[in-house]
Amino acid sequence: MNQYVTASIKEFLKSRNLKGVDVLYDPVGGNLAKETRKLLNWGAQILVIGFASGEIPVIPANIILVKNWIVHGFYWGSYRIHQPAVLEDSVRELISWMEKGLITVHISHTYSLSKANLAFSAIKDGKAIGKVMIVFDDLGTVRSKL
Numbered sequence: 018m019n020q021y022v023t024a025s026i027k028e029f030l031k032s033r034n035l036k037g038v039d040v041l042y043d044p045v046g047g048n049l050a051k052e053t054r055k056l057l058n059w060g061a062q063i064l065v066i067g068f069a070s071g072e073i074p075v076i077p078a079n080i081i082l083v084k085n086w087i088v089h090g091f092y093w094g095s096y097r098i099h100q101p102a103v104l105e106d107s108v109r110e111l112i113s114w115m116e117k118g119l120i121t122v123h124i125s126h127t128y129s130l131s132k133a134n135l136a137f138s139a140i141k142d143g144k145a146i147g148k149v150m151i152v153f154d155d156l157g158t159v160r161s162k163l
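Numbering-wise (this note's numbering), the sequence shown opens with residue 18 and increments by one.
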């Protein structure tokens, strides 16, 4: 996160005569979470789904209280343990949307299996936006159902 991201958000809000946002979807964490909290309205909702930055943000309880924010934590992996049927239904629905062309997966980089190390470097270095695909050299070996 850098100052350009929050500056562009502030410009967006100003251009539409908005004072802030009511919902924050945060898959990144880190400095981005800290900066975007400054843009939240009183009574806003925060959806925390991950920490792509590698840094877990801290939101002081007293700030949540006085701003009357609602914080939702969502960890998809726990559904496998607690509600596997919901997970299965959701994945089935997502696949059907993909088959119908309603959603697509953005693949930013593709590498052969022999260059898998470059794929991991692209992810680690933040060069990948979307998914990174590793293509098996022998296409008869593995077939995706997606």
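Idealized CB from N, CA, C, for every residue including glycine.
Original post:
When you compare only the Cα positions, how much space is there between ILE73 and GLY47?
Top reply: 6 Å
Subject >> Every unbroken alpha helix (DSSP H) within the region 31-81, with a cutoff of 4 residues, ordered by chain >> reply: 47-54
Original post:
Taking DSSP as the reference, what is the three-state secondary structure of VAL88?
Top reply: strand
Subject >> GLY147 versus TYR42: straight-line alpha-carbon distance, rounded >> reply: 17 Å
**OP:** For THR121, collect the residues of the same chain with a Cβ closer than 8 Å to its Cβ; drop the 5 residues on either side in sequence, then sort them by chain order.
**Re:** If we look at THR121 and ignore the five residues flanking it on each side, its Cβ neighbours are MET115.
Original post:
Looking at the structure shown, is HIS99 part of a helix, part of a strand, or coil, going by DSSP?
Top reply: Helix.
**OP:** Would you please state the rounded distance, in angstroms, between the beta carbons of ILE81 and VAL75? I believe it to be under 8 Å.
**Re:** Not quite, the Cβ-Cβ distance comes to about 11 Å (not below 8 Å), so this is no contact.
Subject >> ILE140 - containing alpha helix (DSSP H), residue span >> reply: 133-141
Original post:
Taking C-alpha atoms, which residue in GLY90, PRO44 and GLU105 lies nearest to PHE68?
Top reply: Of GLY90, PRO44 and GLU105, the residue nearest in Cα terms is PRO44.
Original post:
Touch check for the region 96-110 and the region 123-131: three-plus C-beta pairs under 8 Å?
Top reply: No: the two stretches stay apart, fewer than three of their Cβ pairs being nearer than 8 Å.
**OP:** Tell me where the beta strand (DSSP E) around HIS126 begins and ends.
**Re:** 124-129
**OP:** Write down the C-beta distance between LEU57 and VAL83 rounded to the nearest angstrom, noting that I regard them as a contact closer than 8 Å.
**Re:** Not a contact, Cβ separation roughly 12 Å.
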